[in-house]
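2 protein chains.
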Amino acid sequence: MNFYYIVIVIILMLATSACWKAWKVPRRHGKSTIQMLSTENHAENIETPNHIPKYRRVPTIPELTWSVRAIGRVECSYLNKFSVPRQATIHPTNKTTNGTILSTSAPEIAKLVIFPEYRACLDDLKGFDYLWLIGLFHLNSGFKTHIHTRPVSPEHPVPSEVGLFSSRSPHRPNPLSLSALRIVNVSTAEGVVHVEGVDMMHDSPILDIKPYLPAFDSFPEARSGWMDLIQQDYMQARVTGYQNIVSTRGARFARAMEKKAARAEEGLKKDN
Amino acid sequence: MNFYYIVIVIILMLATSACWKAWKVPRRHGKSTIQMLSTENHAENIETPNHIPKYRRVPTIPELTWSVRAIGRVECSYLNKFSVPRQATIHPTNKTTNGTILSTSAPEIAKLVIFPEYRACLDDLKGFDYLWLIGLFHLNSGFKTHIHTRPVSPEHPVPSEVGLFSSRSPHRPNPLSLSALRIVNVSTAEGVVHVEGVDMMHDSPILDIKPYLPAFDSFPEARSGWMDLIQQDYMQARVTGYQNIVSTRGARFARAMEKKAARAEEGLKKDN
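Chains P and V, in that order, give the protein sequences.
Numbering follows our numbering, with no gaps: position 179 of the first sequence is 187.
Numbering follows our numbering, with no gaps: position 107 of the second sequence is 115.
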């Protein structure tokens with residue numbers, strides 16, 4: 009009898025472990041999607057110190073390219089690139105200066121849909137408040153070394169032109185996006201992360217997701233050059249509310265809507 | 009006579025503008041280095057809402073890859089990947105728990121060398137305190153969906169395994185690095201940015217540089233999941249000093265050095 013008991017216990021254990029494996033999100037070890045595209049050795053073009061180990065090294069020179077692959081995609085309501093708010097995390101209500109509601113009164117909750125092979129990586133992300141989304145502005149294909157700034161207000165004069173790397177313009181040599189998004193919900197099994205404050209277009213490729221770590225990423229006192237006064241305004245607005253921000257895009261939209269309404273009214277008058 | 013004066017003034021103006029153009033860092037409009045590598049239309053594989061404009065759109069699916077190009081390279085003293093400190097911005101003195109100095113007593117000042125065609129983009133970056141460096145861990149080629157954590161201290165228990173996307177591990181599907189670095193000096197003409205706190209290897213490719221904007225990037229109160237207690241320690245240490253941080257890497261290094269010293273002493277004794 010004792011022997012039978014042992015056999016039954018072993019069978020039960022095997023069955024439990026099989027169920028557990030079937031239920032769990034599968035784990036795997038994968039190859040990185042990175043791949044060096046130009047593999048010729050350009051070592052003769054660059055001075056490499058002799059003490060650097062030669063082990064699979066190609067000195068980094070301008071001709072080198074690598075491939076990146078989408079690990080997921082953004083699903084949201086911004087269907088063309090002109091409807092996307094800039095750095096929306098700090099604009100939860102999407103309101104303009106004079107209270108016009110741009111899209112919805114509730115903050116836009118976007119979905120980051122992760123492809124099946126990377127879903128298990130989402131484990132333990134739920135405990136974090138924010139995540140870093142590195143994505144691709146995949147419809148942008150050019151860049152300029154300087155960008156024209158938009159005048160904000162007479163009290164906050166900005167230079168008319170600034171260097172590209174001192175702006176967050178989406179037209180860059182490598183059009184990578186970087187945004188801190190508030191995590192609303194994480195579902196590892198479905199591979200979906202619900203986030204607030206996405207500033208990407210619908211269907212933008214996701215390249216990487218990292219946790220937001222305040223000790224490494226948060227420097228609230230940092231000066232921000234030509235944008236310093238504007239940034240101080242935004243920082244203030246995060247505490248006191250967003251109604252007082254002079255949002256150029258919002259103001260322009262509101263003006264356009266007013267004009268449209270006025271024209272419609274005129275049309276009605278003419279018809280009468 | 010009046011006519012001659014006008015001609016001379018015009019010639020002087022032309023000469024001045026020519027000198028100015030020759031002296032200035034050249035501006036240019038460039039094509040992005042991004043390039044879609046797989047251009048077949050996979051539209052039949054995915055449900056695309058009908059209202060999405062079809063204009064140069066390929067729905068984002070796992071097979072899509074893009075190419076990225078180095079816009080510069082990191083020059084620092086970390087010649088292999090095991091000597092690189094993690095998130096070094098908050099470790100300015102590189103000291104371990106018991107005061108052992110790891111590399112130098114002064115913080116490591118690294119050089120970000122930007123290639124000539126992108127140098128003009130560095131204009132106006134000098135006014136910022138921090139920059140975001142997005143680079144490539146170009147020697148890493150694989151990833152695991154879960155990573156093993158290192159025990160820190162008995163007071164701060166961590167799970168033995170966490171999902172990849174809730175860690176800042178350098179082994180990722182797209183091995184992109186993200187670090188906030190303190191700007192020490194910017195030289196647009198030479199294309200060099202001196203920064204403090206680099207956590208990349210010598211010769212790592214730079215993909216993008218963005219300014220650090222506190223209103224968009226700084227969330228000091230954010231919870232950080234399984235790393236919450238450790239992060240609180242680091243945040244505290246940024247104010248009170250770094251001596252009290254339990255740095256596993258530093259502690260291990262110090263232990264190794266002690267063992268080495270002990271062994272050397274034993275060897276000396278034997279010789280005598």
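Using N, Cα and C, we set each Cβ at its ideal position, and we do this for glycine too.
Since we're looking at a predicted model, the values are computed, not measured.
Between residue 72 of chain V and chain P, the shortest Cβ-Cβ separation is below 8 Å.
From the listed residues V:230, V:273, V:26, V:216, the smallest Cα separation to residue 189 of chain V is found for V:216. The region 149-159 of chain V makes no contact with the region 209-228 of chain V; the number of CB pairs closer than 8 Å stays below 3. Residue 181 of chain V and residue 145 of chain V do not touch by the CB rule: their CB atoms are close to 12 Å apart, not below 8 Å.
Counting the other Cβ atoms within 10 Å of the Cβ of residue 239 of chain V gives 16 or more, which makes it buried. With fewer than 16 neighbouring CB atoms inside 10 Å of its own CB, residue 158 of chain P falls in the exposed class.
The criterion of a C-beta distance shorter than 8 Å is not satisfied by residue 194 of chain V and residue 119 of chain V. Taking C-beta separations shorter than 7 Å and ignoring five residues to either side along the sequence, the partners of residue 192 of chain P in its chain run 117, 202, 203, 204, following chain order. Taking 8 Å as the threshold, the shortest C-beta distance from residue 75 of chain P to chain V falls below it. Residue-level contact check: residue 164 of chain V does not touch chain P, since none of the beta carbons of chain P fall below 8 Å from its beta carbon.
An exposed status is given to residue 11 of chain V, since fewer than 16 other beta-carbon atoms sit within 10 Å of its beta-carbon. Secondary structure of residue 151 of chain V (DSSP, three-state): strand.
When DSSP states are grouped into helix, strand and coil, residue 73 of chain P belongs to the strand group.
Nearest in C-alpha terms to residue 121 of chain V, of all of V:167, V:84, V:233, V:132, is V:84.
Among the residues facing chain V, residue 133 of chain P is included, as its CB has a counterpart in that chain under 8 Å away.
With a threshold of 8 Å between beta carbons, residue 84 of chain P makes no contact with chain V. For residue 223 of chain P, the enclosing alpha helix (DSSP H) starts and ends at 222-225.
CA-CA distance, residue 167 of chain P to residue 176 of chain P, rounds to 15 Å.
Closest in C-alpha terms to residue 124 of chain V, from the list V:274, V:73, V:196, V:139, comes V:196. In the three-state scheme derived from DSSP, where H, G and I count as helix and E and B as strand, residue 124 of chain V is classed as helix. For residue 190 of chain V, the uninterrupted beta strand (DSSP E) segment begins and ends at 184-195. Inter-residue distance for residue 86 of chain P and residue 209 of chain P is about 5 Å (C-alpha atoms, whole angstroms). Within the DSSP bridge table, the entry for residue 156 of chain P names P:169 as partners.
Assigned with DSSP and collapsed to three states, residue 17 of chain V falls in helix. If you draw a straight line from the Cα of residue 24 of chain P to the Cα of residue 198 of chain P, it is about 23 Å long. Shown in chain order are the members of the region 144-158 of chain V whose Cβ falls below 9 Å from a Cβ of chain P: 144, 145, 146, 147, 148, 149, 150, 151, 152, 153, 154.
In terms of Cβ geometry, residue 275 of chain P and residue 212 of chain P do not form a close pair [threshold 8 Å]. A straight-line Cα-Cα distance of about 10 Å links residue 179 of chain P and residue 185 of chain P. Remark: C-beta atoms of residue 82 of chain P and residue 200 of chain P do not approach each other more closely than 8 Å. Excluding the 5 residues flanking it on each side, residue 237 of chain P has same chain C-beta neighbours closer than 7 Å at 164, in chain order. Secondary structure of residue 274 of chain P (DSSP, three-state): helix. For residue 119 of chain P, no CB of chain V lies under 8 Å from its own CB, so it is not counted at the interface with that chain. Listed along the chain, the chain P residues whose CB falls inside 8 Å of the CB of residue 228 of chain V are 222, 226, 228. Residue 67 of chain P and residue 141 of chain V have their C-alpha atoms roughly 19 Å apart. Each residue's CA atom was taken as its position, placing residue 26 of chain P and residue 16 of chain P some 15 Å apart.
In this structure, V:214 is the residue among V:214, V:172, V:228, V:70 with its C-alpha nearest to the C-alpha of residue 78 of chain V.
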